[in-house]
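Going by our numbering, the sequence shown opens with residue 73, and the numbers climb by one from there.
Virtual Cβ for every residue (Gly too), placed ideally from N, Cα, C.
As the structure is a computational prediction, the values presented were derived from the model and not from experiment.
Have a look at the structure below, then the notes.
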Amino acid sequence: MTVTRSVVLGCGSYLPSRVLTNSELSKMVDTSDEWIRQRTGIRERHIAAEGETTSEMALKAARAALAAAGIDAQSIDLIVLATSTPDNTFPASAVSVQAGLGITHGAAFDLQAVCSGFVFGLATVDGLLKSGAFKRALVIGSETFSRILDWNDRATCVLFGDGAGAVVLEVRSEPGTREDRGILSASLRSDGRHKSKLYVDGGPSSTQTVGHLRMEGRAVFKHAVVMITDVIEDTLKAAGYTAADIDWFVPHQANQRIIDDSAKKLGIPPDKVITTVAKHGNTSAASIPLALTCAVADGRINRGDLVMMEAMGGGFTWGAVLARW
Ligand code: UT7
73 MTVTRSVVLG CGSYLPSRVL TNSELSKMVD TSDEWIRQRT GIRERHIAAE
123 GETTSEMALK AARAALAAAG IDAQSIDLIV LATSTPDNTF PASAVSVQAG
173 LGITHGAAFD LQAVCSGFVF GLATVDGLLK SGAFKRALVI GSETFSRILD
223 WNDRATCVLF GDGAGAVVLE VRSEPGTRED RGILSASLRS DGRHKSKLYV
273 DGGPSSTQTV GHLRMEGRAV FKHAVVMITD VIEDTLKAAG YTAADIDWFV
323 PHQANQRIID DSAKKLGIPP DKVITTVAKH GNTSAASIPL ALTCAVADGR
373 INRGDLVMME AMGGGFTWGA VLARW
């Protein structure tokens, strides 16, 4: 019996050219390369150029994903852009991407789930594609967190970077076997009791300012591994797999220690874990598609591989998506 699946056709990414190293940061705030590397695994991050916007970076990542998929932009009828750093309060940055691609049909909208945005985007688009409403979609994560950081707060400004990543998904009929390609299962969670542990202290309806990112790092860390591993186990179970079946674990890139502890708890060996946090820092909703693009480009992720993606972020929001590439 055939089943309907959202199949990944290709992925692409974009990183701004400016690289900010830990040693440069140590001249800006009271920190050190050693502290940042030991606590987070981050060595450097990319920072958007002055005037370079989230939608411009998203458009570049989208074009790269379309080229990798070998398809024309005109065949895309849905664009979902996950971001917490939109160009403007409205319209959605996704419509700028749509216009940039010359698309005048279908729909484009932004989705806001902070660092979990890309996972939430994949799950949302999977549902919309499977409903029959759309045929081919771009799911993009793009962020300019450098614009909402307090550059005097050493506890947060060393952690984040800018960048964008995108995947193209197409709805297909698959044979209904273990070899089926596409998204196999997805689980999304949130718990607003934790909203003050990671937030931005501004917004149109509260302060009428953009605000700065604030975080109780230790509290977030404490919850992260438990939430991540729980939601991954649910996602594996829903698709009839175990952690031993995973070919590639592509986690949200917030902190190397969170990634290592989560993989260890699940019994996933380090050589199956894709990490980019050292070079990108935490790029929020962009981190997973950036990591996917690296691992596809260097030949690790191949067609037919079982890929587990997960993220956790402000809200808290968290979730996981299991896909056969
Ligand atoms: O993507 C969304 C999800 N976000 C996350 O996953 C982030 C989760 N949290 C973390 O990754 C970690 O908690 C941090 C990397 C943010 C912090 O690491 P930590 O091991 O939890 O350190 P801490 O916050 O407990 O701070 C330890 C010490 C403190 O000094 P005292 O109080 O022990 O004297 C901080 O003031 O390190 C100090 N500190 C720094 N020192 C040098 C904090 N930031 C810095 C810094 N450089 N940049």
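| query | result |
| --- | --- |
| Complete runs of the alpha helix (DSSP H) confined to the segment 207-241 [at least 4 residues] | 226-229 |
| Residue environment, Glu251, which counts as buried when at least 16 other CB atoms sit within 10 Å | exposed |
| Chain D within 9 Å of Leu394, Cβ atoms only | You won't find chain D in this structure, because it holds only one protein chain. |
| Beta-carbon contacts of Ile300 that lie in its chain and below 6 Å, excluding the five residues immediately before and after | Ser334, Glu382 and Met384 |
| Three CB pairs or more closer than 8 Å across the segment 114-127 and the segment 84-99 | yes |
| Rounded straight-line distance, which links the Cα of Ser104 to that of Gly213 | 29 Å |
| Cβ shell of Leu362 (< 7 Å), same chain only, five flanking positions each side left out | Ser85, Gly235, Gly237, Thr348, His352 and Thr355 |
| Counted within 10 angstroms of its Cβ, other Cβ atoms place Trp390 as buried (16 or more) or exposed | buried |
| Buried versus exposed, by CB contacts within 10 Å (16 or more), Gly233 | buried |
| Val282 versus Arg219, Phe190 and Met100, residue with shortest Cα-Cα distance | Arg219 |
| Buried versus exposed call for Pro276 [16 or more other C-beta atoms within 10 Å across all chains shown] | exposed |
| Contact test: Ala358 Cβ vs ligand 1 heavy atom, cutoff 8 Å | no |
| Sequence-distant residues of the same chain with beta carbon closer than 8 Å to Gly174, five excluded per side | Ala145 and Gln146 |
| Any 3 or more C-beta pairs closer than 8 Å across the segment 187-201 and the segment 132-144 | no |
| CB contact flag (Leu183, Leu241, <9 Å) | no |
| Rounded straight-line distance, which links the Cα of Val322 to that of Arg226 | 27 Å |
| Ligand 1 heavy atom lying under 8 Å from the CB of Arg286 | no |
| Beta strand (DSSP E) runs contained entirely in the segment 229-314, provided each spans 3 or more residues | 234-246, 254-262, 270-272 and 285-287 |
| Contact test: Arg261 Cβ vs ligand 2 heavy atom, cutoff 8 Å | In terms of ligand content, the structure shown lacks ligand 2 and carries ligand 1 instead. |
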